[in-house]
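Under full-length UniProt numbering, the first residue of the sequence shown is numbered 1, with each subsequent residue one higher. Heads up, the thing below is written out as structure tokens.
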Amino acid sequence: MATTFLATLLSWHLTPSSIFLPTKEPSTSPTLGREESPSSALIPKPPGLVGRPGRKGGYTLETVLKWSHTFYESVQTHIHLLADAHLDTHLSYKSQEASKVALVCHKVEQNSKFQVLQNYQDSWATQDFIKLYLKRTSVSARKGKLRSTDSTQRIGRSRSSEEVDNVQDPPPSKRHKSARWTVN
């Protein structure tokens, strides 16, 4: 019976020691660097979209990473600085040049303070930081651009300062009349 058990293990390319000895997991501690391990031991990306918890299985990056808030913010700040230097922050993540995104990921992950980012498969954690930052900056850029051209687009021409001064407030709508309160 022991022979068949051993034969079965060998057919599965397993040895008795690989079954009974605990395996060493790579460290996810932000203070330790990446341990030498095969790529299969890297931390996989969670399902769903970053920054969309509760929607289609999305997640919050800070919660998933389980780092201290201080370390999370220092990584975030460093990534924001590199993104400002190498990426067009007026554009979304999808509109960025892949080589520039890869450069930012490489620079962050090679920083001795942030080598923990090398533990994440296909740089998903670094890319998620970049996605969140570019989402905020590109939306702000679009809104800022729309606000500055909003009045000229509606009217078809820009107003002079005299016209702006002479604009009167519209009468209050019936919908927004103040409520009458009675005290008994």
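Beta carbons are placed, not taken as given, at the ideal position from N, Cα and C, and that holds for glycine.
Report, in whole angstroms, the separation of the C-beta atoms of residue i and residue j, which I expect to be a contact under 8 Å.
i      : j      : result
Leu132 : Gly48  : The Cβ separation is near 14 Å, so there is no contact.
Ile43  : Asn119 : 6 Å
Ile79  : Val108 : 6 Å
Is the beta carbon of residue i sitting closer than 8 Å to the one on residue j?
i      : j      : result
Val104 : His90  : no
Leu81  : Asp128 : no
Lys45  : Trp124 : yes
Phe114 : Val75  : yes
Cutting at 8 Å between CB atoms, please list the residues of its own chain near residue i, excluding the five before and the five after it.
i      : result
Leu134 : Ala83, Leu87, Thr89, Leu91, Ser92, Tyr93, Gln96
Lys56  : Gly48, Leu49
Tell me which same chain residues have a C-beta within less than 6 Å of the C-beta of residue i, skipping the five on either side of it?
i           : result
Gly58       : Gly48, Leu49, Arg52
Lys100      : His86, Leu87
Ala141      : His90
His106      : none
Thr126      : Cys105, Val108, Leu117
Arg154      : The predicted model places Arg154 with a pLDDT of 38, which falls under 50 and marks its position as unreliable, so this point remains unresolved.
Leu21       : Here Leu21 scores only 37 on pLDDT, less than 50, and its place in the model should not be relied on; the value that follows carries that caveat. Hits under 6 Å: none found.
residue 212 : Here the chain covers residues 1 to 184 and nothing more, so residue 212 does not appear.
Ordered along the chain, which non-local residues of its own chain (more than five positions away) have a Cβ less than 7 Å from that of residue i?
i      : result
Ser148 : Interpretation of Ser148 is limited by its pLDDT of 46, a score under 50 that renders its predicted location unreliable; no figure is taken from the coordinates.
- Task: Please specify which runs of the alpha helix (DSSP H), each continuous and at least 4 residues long, are wholly inside the segment 71-142, giving them in chain order.
- Result: The qualifying runs are 98-110.
**OP:** Could you tell me which uninterrupted alpha helix (DSSP H) segments, each at least 4 residues in length, are contained entirely in the segment 40-66, listed from first to last along the chain?
**Re:** Taking 4 residues as the minimum length, the alpha helix (DSSP H) runs contained wholly in the segment 40-66 are 61-65, in order along the chain.
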